[in-house]
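Numbering-wise, the sequence shown is residues -2 to 903 according to the working numbering. Read the structure below first, then the notes.
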Amino acid sequence: MKIKTAVSLKRKRVSKRTIFLMKLSLTIYLVGCFQLMAISSFSQNKISLKLEDASLQSILNQIESQTNYSFVYNNDEVNVEQKFSINVLEKDIVSTMNTLFQNTDIKYKFRKNLVVLSNQKAQKETYTISGTITDAETGETLLGANVIVVDKGIGATTNEYGFYSLTLPEGTHTLQISYLGYASLEETLDLNANIKRNFELQPSSDTLDEVIVTSENKNKSQVRKVLTGVNNLSAAEIKKLPAFFGEPDITRAILTQPGVSSVGEGTAGFNIRGGNIDQNLVLLDEAPMYISSHLWGLFSVVNADAIKGMTLYKGGIPARYGGRASSVLDIRQKEGNTKAFKGEGGLGTLFSRITLEGPIVKEKLNFLMSGRRSYFDIFFPLMGGELENTKLSFYDLNTKLTWNINDNNKLYVSGYFGADVMKLEESPEEEAENSDGASGSIDFRWKSSTATVRWNHIFNHKLFMNLSGIYSNYTYKFISKNDNGGIIPSGQTFEWGSGVQNWIVKPDFTYYANPNTTMRFGVNATLYQFNPAELSNVGDNFTPEDLDKDKGLEISPYYEIEKTWDKFTMNLGLRYSWFGNIGPNSVATYHPDFPSTVNTITDIKEYQKGEVIKRYSGFEPRVSLKYDINDRKALKLGYNRNYQYIHLMSNTAAALPFDIWKPSGVHIKPLEVNQVSGGYAYDTEDATYNFSVEGYYKTFSNFVEYKEGADLFINENLETQLLPADGYAYGLELAAYKNKGRLTGNFNYTYSVSKRKTTSKFKEENINNGAYYPSNYDRPHLLNLTANYDLKEKWNVGLFFTYQTGRPTTVPTGRLSFDGNPYLTYSNRNAYRIPDTHRLDISFTYTPEGNPETRWQSSWNFGLYNVYGSPNAFSVFSTFHGDQLKTFQFSVFGAPIPFITYNFKF
């Protein structure tokens, strides 16, 4: 038996010096291995190049194709368009980099398979230049003015308050400042600290002939805009258009743009890319307007003399806007002359207008006041006959006060007040003709008012804030008075009223990180109150009744960033909207197995004040991309989603003043619209012509549609008259502008389709058996032509022509008799169309020489609306005469309408 003996080994102590030498040796060994690996890696790919005056970008592309390396760099530091020459044969990457960048400021570093380029010289200290750009004569801030750094080809655009910010490297820079209709300005600055620099631009019409006006400020180019479907119009452009009765009109100016239509002449509102009129957010100094026209669509509610310009977003809608699904029309009022007292106005055929503006404290506190008043009601009694007792009038008043507190703070207070009256009263002759002796009157009245308080604050050269508090109110009334007999007892009055109110708080921040990066963020909080109906003074046969008021709260934080990389620009935005329908209110519950009617109500739930009845929320992404082929050509692509939580209840083709608004709730879901759009923009070399083509595709979910024969007037259970619906729209818009010469103008053509279908789970309720049908706003072909020609020094002629496919309509197809009573039968909904419409307007403007001593300037504007008297159908209706079905056409303006207006300035 073998016994193993354990042997004890004594540990030998190792000195610290020995350990240090061992670690050092290991480190040297590993470093050497890594160096050998790197050298081996660098030597794996051999590079051969022979190029003369080639762009750095093309050289880097060829190196990438011959190796496994990719290049990373900052466009702000490394100009890849600069020219280089290189001649290497079978060289490794390190040798190639040394050869390429010798005697330059460009440095390189390796990060695995990446080569990071930097410009040592470009990394010097940066500073920011910021300020405002204003009109040299009036002191008005200019929104959308361009500030371009000539030597770098980068720049900035002023925001809605004329503010700009540019961060540039230390050194000498030449800035070019330009704006539509103004002479450009160049100034060289030595930038060695953060500075504030304000610029004033002279209107081009008042500059000397030798001043060169660059193409940037005289054209309608879409190349520089990253957003799709954006149109800008200045007050001067609006006034050049031939207008109804010679009065400049914002709504009619919008209708000259591609993709914008209406259901007919004399109708309120406008339709954008297949959407309803309630899907357009109309803002006046940030306050929402719930009606855009006077007298049911004849005239715009906003006086063109009071505005500085407007922007229509119908494709790419920035994340800061929300609450409507199809478009945003952002109208900005003038701020008032800061340097001298000025006035302008006009005496027209149907109404007159006056605008006054000037400083209260020069360049510190200034005001604007602009008013209009019609005088139809003055002339009707003079005409006698049926018009003697008719009252038809409107007025509006725009006001604004601007206080320039100091260099970093500015306060604006603006307001709008407008009202319409339409009263139809029977004449004594008509009363005598009535067999029952009844007499009375019908009175329509509607009012709109807004108030906006805004505070601009500049935190520093890069951070700008605007804080807005907004109030908007829209009310409308229908009054029927009976003086002798009829349904309403003698001497009694039936009065119905409705309205909508908004209270809005909106902090908005803009951060100018650098010339290629701008961020905007904030939150929009809106409190809605809807008053569906108030009935009063209705006599013994009626019971006064007020329908429950609806309230809603919408809160929407948002963030957007615009970033440029060389030829590529991105505008990325995200908006999150939350909406709550708030009590007190009563909500009916309906039997789930039957269509909703008053007979299928199973319960009525009462909600207390402040209690959330129903809540909805969702993300609204907005993306716009632009690729510059060169400085005159660009490709664009965009996507946006919008939620709309309020709805206009109207089952007529044209909106009426007594249509009511309802919020989303238990029975009405929010409308969701998704839109994809893309386009191409091209400018000629001298910018005489601008061209653009744009296509879009939209989907609509949760439309509000109406049952056959829906009764919406004073209906406590309005949801019983509604149907859910989905839809889609697509189209192509072509536009061309001519900007220079004696003849200027634009041409645009739109092809579009707009369809929808109802999606009720009860098949018997669905319209057209649940199949798609054209919407009321489906007008496939739309063509507009606008031209202005300077005949002589004092004469100008304006021309506008439009052609539109007739809108869809539902017509009688036969009749049947039941219990001896005749009834009409109808076609499928919107299965037919009214005749196509077309119209030509022409205007002449004569401008005599002004009086330099009195500063009085004047012009005469006269012409014809509907030159050749096209009897454009507003509606078509049919009735049986004996056994024959006869169709009649109603036209609002079936004859030429002459007009003359005297305009003045002082």
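Ideal placement from N, C-alpha and C gives every residue a C-beta, glycine not left out.
{"query": "What separation, rounded to the nearest whole angstrom, lies between the Cα atoms of M286 and T447?", "result": "8 Å"}
{"query": "What does the Cβ neighbour count give for N766, buried or exposed, with the cut at 16 atoms within 10 Å?", "result": "exposed"}
{"query": "Pull up the CB-CB distance for K311 and Q330, whole angstroms please, since I reckon it's below 8 Å.", "result": "Rounded, the Cβ-Cβ distance is 22 Å, inconsistent with contact."}
{"query": "Check the DSSP bridge columns for F859 and list the partner residues they point to.", "result": "F841 and I897"}
{"query": "Going by DSSP, what residue range makes up the alpha helix (DSSP H) through E234?", "result": "A232 to K237"}
{"query": "Is I905 buried or exposed, if buried means 16 or more other CB atoms sit within 10 Å of its CB?", "result": "Past the edges of the chain, shown from -2 to 903, lies residue 905, and the structure says nothing about it."}
{"query": "Closest by CA to E557, which one among G466, I314, V873 and E846?", "result": "I314"}
{"query": "Which value, in whole angstroms, describes the spacing of the CA atoms of L224 and Y413?", "result": "30 Å"}
{"query": "Is the segment 100 to 116 touching the segment 163 to 172, taking contact as three or more C-beta pairs under 8 Å?", "result": "no"}
{"query": "How long is the line joining the alpha carbons of L419 and I269, rounded to whole angstroms?", "result": "According to the sequence provided, residue 419 is Met. The question's Leu does not apply to it. Approximately 29 Å between the Cα atoms of the pair."}
{"query": "Between which two residues does the beta strand (DSSP E) holding Q672 run?", "result": "L668 to D680"}
{"query": "Got a sec? Which residues, its chain only, sit under 8 Å from I0 by beta carbon, not counting five neighbours each side?", "result": "Model confidence at I0 stands at a pLDDT of 36, short of 50, so the residue's coordinates are unreliable; what they give is reported in the following sentence. For I0, where only same-chain residues beyond five positions count, there are no Cβ hits under 8 Å."}
{"query": "For chain D, find out if any of its Cβ atoms is closer than 8 Å to the Cβ of H291; answer yes or no.", "result": "Of the chains in the structure shown, none is chain D; there is only one protein chain."}
{"query": "Please identify the residue among Y640, N528 and D102 whose C-alpha is closest to the C-alpha of A322.", "result": "Y640"}
{"query": "What would DSSP say about G320, mapped onto helix, strand or coil?", "result": "coil"}
{"query": "So for A732, helix, strand or coil by DSSP?", "result": "strand"}
{"query": "Restricting to Cα atoms, I'd like to know which of G692, L532 and A316 is closest to V620.", "result": "A316"}
{"query": "Are the CB atoms of I579 and L544 within a distance shorter than 8 Å?", "result": "no"}
{"query": "Could you say which of W493, Y468 and N463 lies nearest to S477 if we only look at CA atoms?", "result": "W493"}
{"query": "Tell me the DSSP secondary structure of N401 in three-state form.", "result": "strand"}
{"query": "Determine the contact status of F342 and F859, defining contact as a CB-CB distance below 8 Å.", "result": "Here residue 342 turns out to be Gly, not Phe, going by the sequence shown. No."}
{"query": "Would you tell me roughly how many angstroms separate the C-alpha atoms of S674 and M307, rounded to the nearest one?", "result": "22 Å"}
{"query": "For G570 and D102, what's the separation of their Cα atoms in angstroms?", "result": "37 Å"}
{"query": "Leaving out five residues before and five after N191 in sequence, what residues of the same chain have Cβ atoms less than 6 Å from its Cβ?", "result": "Y124, T125 and H458"}
{"query": "As a quick exercise: from G706, P893 and G724, pick the residue whose alpha carbon is nearest that of Q718.", "result": "G706"}
{"query": "Report yes if the C-beta distance between Y774 and N463 is below 8 Å; otherwise report no.", "result": "no"}
{"query": "Note down, one range per segment and in chain order, each beta strand (DSSP E) of at least 3 residues found wholly within the segment 159 to 183.", "result": "160 to 166 and 168 to 175"}
{"query": "Let me know the secondary structure DSSP gives Q908 once reduced to three states.", "result": "It is not possible to answer for residue 908, since the shown part of the chain is limited to -2 through 903."}
{"query": "Quick one: is E850 buried, meaning 16 or more other Cβ sit within 10 Å of its Cβ, or exposed?", "result": "exposed"}
{"query": "Using 8 Å for Cβ pairs, my map puts G271 next to E730. What's the rounded Cβ distance?", "result": "12 Å between Cβ atoms; not a contact."}
{"query": "List the whole-angstrom C-beta distance separating E360 from K336, where the pair is believed to meet the contact cut-off of C-beta under 8 Å.", "result": "7 Å"}
{"query": "So for K388, helix, strand or coil by DSSP?", "result": "strand"}
{"query": "According to DSSP, what are the bridge partners of D89?", "result": "Bridge partners of D89: none, in fact."}
{"query": "Would the beta-carbon of R804 fall within 8 Å of that of R776?", "result": "yes"}
{"query": "Is the segment 791 to 804 touching the segment 823 to 839, taking contact as three or more C-beta pairs under 8 Å?", "result": "yes"}
{"query": "Do T898 and G345 count as a contact pair if the criterion is CB distance below 8 Å?", "result": "yes"}
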